[in-house]
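Residues 10 to 340 (the numbering used here) are what the sequence shown spells out, left to right. Ideal Cβ positions, reconstructed from N, Cα and C, are used throughout, including at glycine.
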Amino acid sequence: MERDLDRRRFLSITGISLGFGALYAVGPRGALAKEGDHVTRRLAEANGEAPGSFSFVQLSDTHVGFQSPQYPGGTAAFELAIQNVNALPKKPDLVLFTGDLTHDSEDKDEHARRMRTFRDIASRLDGPVVKAIPGEHDAGLDGGALFREHFGETSYSFDHRGVHFVALDNVSRARPEVGAERIAWLEQDLGRFQPTAPIVVFTHRPLFDLKPEWEWFTRDGDQVLEVLAPFENVTVLYGHIHRAHHRVIGHTRHDAARSLVFSFPDPDATDDKKPVPYDGARPYAGLGLRVVRESVAGEAPASLDLDDVELTQRTFSGTEGFVRLLRRRAV
């Protein structure tokens, strides 16, 4: 009898922290190559497109327009992140921004100017398609009207090389929730997919109760997770918490990217929600921004090869992890 649920093991979304965000790769696992043709065919039949290998980057919380004498960096980390993405040895197909593109302003003209500045900086990305979701600083004051004017809808979905992406707005109702209408839209949007379809949801706030007293939660996030629960290959990417974080709930992996303006402390270590103090000698401390190099001593530079790493098992962080993933495998 055919085993057609090998699709869950066949496709994997692997990831590493780059400090300024996260790099994800989607593709088949080499150990299941003999089953690849069958699995690819079945996924193509179910989803309308065969899965293909590609990579994408998540960036978050650029807060363009944020000004504070305690945190004088401005857009420097954002701009450096763009340079680092452009320098990746293998160009990503997509860059997903998970909210708080701008810092809010009650002056609509000023807020619009900040959105244009964000768009100008993001336009320096060399090649990838840019997709964005709003944070509360982008959409909390006006229900997302200005965001839609500059970037389009606050919730939407698209397919890319056999993976279904969902941008889910959980901020524009001026409170941390998705809302019944969007949850119904999500359920309808996912209705055409089989349980093994690979799905990536990108949103701003965490969909689970990470630290409710710090507003690190989504009020109706449990209802969203109920909609996602039947699917076996779900990755939820979010921002808002200004630090890297990873959790698995059922079949769903939840991953937060670091911010690009200032970081927050570990919620398990303190009840005091104050940004990590700025250090002028280390202006990217806490943001983790690093120059990542693709070469390994004694070896020729290699392109990314992530087939042997699964986020569900191991997460490699920073330069060391990046170099391990770049190392050419022995043939």
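- Contact annotation, D102 with V139: C-beta distance approximately 11 angstroms; criterion of less than 8 angstroms not satisfied.
- Closest in C-alpha terms to A148, from the list P292, H120, H251, comes H120.
- Contact between S166 and V175 holds: CB atoms are separated by about 5 angstroms, below the 8 angstroms threshold.
- The three-state secondary structure of L237, taken from DSSP, is helix.
- When secondary structure is reduced to three states using DSSP, V94 falls in the helix class.
- Cβ neighbours of A141 within its own chain (closer than 7 angstroms, five residues either side excluded): F106, L110, F160.
- A buried status is given to N242, since no fewer than 16 other beta-carbon atoms sit within 10 Å of its beta-carbon.
- Burial check for G30: the Cβ neighbour count within 10 Å reaches 16 or more, so the residue is buried.
- In this structure, V35 lies away from R201, with their beta-carbon atoms at least 9 angstroms apart.
- Annotated three-state conformation of L199 is helix, per DSSP.
- DSSP lists K220 as the bridge partner or partners of W225.
- The segment 65–76 makes contact with the segment 266–277; the number of CB pairs closer than 8 angstroms reaches 3 or more.
- In chain order, A86 place their CB closer than 7 angstroms to the CB of Y293, counting only its own chain and leaving out the 5 sequence neighbours on each side.
- Counting C-beta pairs closer than 8 angstroms gives three or more between the segment 195–215 and the segment 245–253, which meets the contact rule.
- Boundaries for A253: no alpha helix (DSSP H) harbours it, and the DSSP string shows neither H nor E there.
- Under the three-state reduction of DSSP, R262 is assigned to strand.
- Taking all protein chains in view, the Cβ of R133 is surrounded by fewer than 16 other Cβ atoms within 10 Å, so the residue is classified as exposed.
- In the assembly as shown, V104 is a buried residue. Its beta-carbon has 16 or more other beta-carbons within 10 Å.
- The residue among D178, L32, D168, V172 with its C-alpha nearest the C-alpha of R157 is D178.
- Across the set D231, Q92, M124, R125, the C-alpha of D231 shows the shortest separation from the C-alpha of A189.
- Out of E162, L199, L89, L216, the CA that lies nearest to the CA of V257 is found in L216.
- Nearest in C-alpha terms to H112, of all of P276, T71, A131, L234, is T71.
- Judged by DSSP secondary structure, H169 falls within the beta strand (DSSP E) whose first and last residues are 165–169.
- Distance from the CA atom of V172 to the CA atom of P207, rounded to whole angstroms, is 5 angstroms.
- Residue ranges of uninterrupted beta strand (DSSP E) with 3 or more members, entirely inside the segment 135–159 and ordered along the chain, are 138–142.
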